[in-house]
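K.L.:
For any residue, its number in this note's numbering is found by taking its place in the sequence shown, counting from 1, and adding 433.
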Amino acid sequence: MATLRVVLDTNVLLSGIAYPASVPGKILAAWRHGSVDVLLSAFILDELRRVLPRLAHRHGLTLAEIDDLVDALSIQAEIIEPLPGVEPDLRDLDDQPVLDTLLAALKASEANYLITGDKDLLALAERYPILAPAKFWATHAGL
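Next comes the structure, spelled out in structure tokens:
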């Protein structure tokens, strides 16, 4: 069976780092073990680098450690350039670069899903392969 290829939204990365026992944490563990391939964009990595310091009380990482972690993720992931697009039904325009990352991943490398906890992106799940972490994990728990 081919390895699943997924785009992880920033909120899934944040939750997985801050709460390793959570479903997003299990998804990150599956990535570390090579059970799933992760595709990210510079936008998602930059957002992660910007937001992680706010969660320092949860993960205890210093700014230098956060930089090292984001750098490591950028090496482990396949980095793709988002396809610029405009989704008229997207409720939060700040989510467009994440959707654009999924579109590029679908076009370039046969990604299976975008995994996100973002309700505005999940609202588009009928039109795009977008899953919440729990739904992804329930479907693919054998990873």
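All residues carry an ideal CB built from backbone N, CA and C; glycine is no exception.
(1) Where R487 and I548 are concerned, what is the direct C-alpha to C-alpha distance, given to the nearest angstrom?
(2) Are there 16 or more other CB atoms within 10 angstroms of the CB of E543, so buried, or fewer, so exposed?
(3) For the region 438-462, list the alpha helix (DSSP H) runs that are entirely contained and at least 4 residues long, ordered along the chain.
(4) May I have the straight-line CA-CA distance separating L526 from R438, to the nearest angstrom?
(5) Would you mind giving the Cβ-Cβ distance between D522 and N444, rounded to the nearest angstrom? I have them listed as a contact below 8 Å.
(6) Residues bridged to D470 by DSSP?
(7) Quick one: residues in its chain with C-beta nearer than 6 Å to the C-beta of L554, no 5 flanking neighbours on either side, listed in chain order?
(8) With the cut-off set at 8 Å, would you say T534 and I513 are in Cβ contact?
(9) Buried or exposed: which applies to D442, given that a residue is buried once 16 or more other Cβ atoms fall within 10 Å of its Cβ?
(10) With a threshold of 7 Å on Cβ separation, who are the neighbours of V484 within its own chain once the five nearest residues in sequence on each side are excluded?
(11) Spatial neighbours of L557 within its chain, please: C-beta separation below 8 Å, excluding the five flanking residues on both sides.
(12) Within 10 angstroms of the Cβ of E480, are there 16 or more other Cβ atoms? Answer buried if so, exposed if not.
(13) Is the distance from the Cβ of A565 to the Cβ of L472 below 8 Å?
P.N.:
Quick look at the numbers:
(1) Here residue 487 refers to the residue found at position 54 of the sequence shown. Here residue 548 refers to the residue found at position 115 of the sequence shown. The C-alpha of I548 is placed about 22 Å away from the C-alpha of R487.
(2) The residue given as residue 543 occupies position 110 in the sequence shown. Burial call: exposed.
(3) 443-451
(4) By one-based count along the sequence shown, residue 526 stands at place 93. By one-based count along the sequence shown, residue 438 stands at place 5. In a straight line, the C-alpha of L526 is about 25 Å away from that of R438.
(5) In the sequence shown, counting from the first residue as 1, residue 522 sits at position 89. In the sequence shown, counting from the first residue as 1, residue 444 sits at position 11. At roughly 20 Å, the Cβ-Cβ gap does not stay under 8 Å, so D522 and N444 are not in contact.
(6) Mapped onto the sequence shown, residue 470 falls at position 37. Bridge partners of D470: R438.
(7) Position 121 of the sequence shown, counting from 1, holds the residue named residue 554. D528, I563.
(8) Along the sequence shown, one-based indexing puts residue 534 at 101. Along the sequence shown, one-based indexing puts residue 513 at 80. Contact: yes.
(9) The residue labelled residue 442 in the question sits at position 9 within the sequence shown. The residue in question, D442, is buried, as its Cβ has 16 or more Cβ neighbours within 10 Å.
(10) As a working mapping, residue 484 is identified with position 51 in the sequence shown. For V484, where only same-chain residues beyond five positions count, the Cβ hits under 7 Å are T443, L447.
(11) By 1-based counting over the sequence shown, the position of residue 557 is 124. Cβ within range, chain order: E520, D522, L523, L532, I563.
(12) Start at 1 with the first residue of the sequence shown, and residue 480 comes out as number 47. Result: buried.
(13) Taking the sequence shown and counting its residues from 1, the one referred to as residue 565 is at position 132. Taking the sequence shown and counting its residues from 1, the one referred to as residue 472 is at position 39. Not in contact: A565 and L472 (Cβ atoms no closer than 8 Å).
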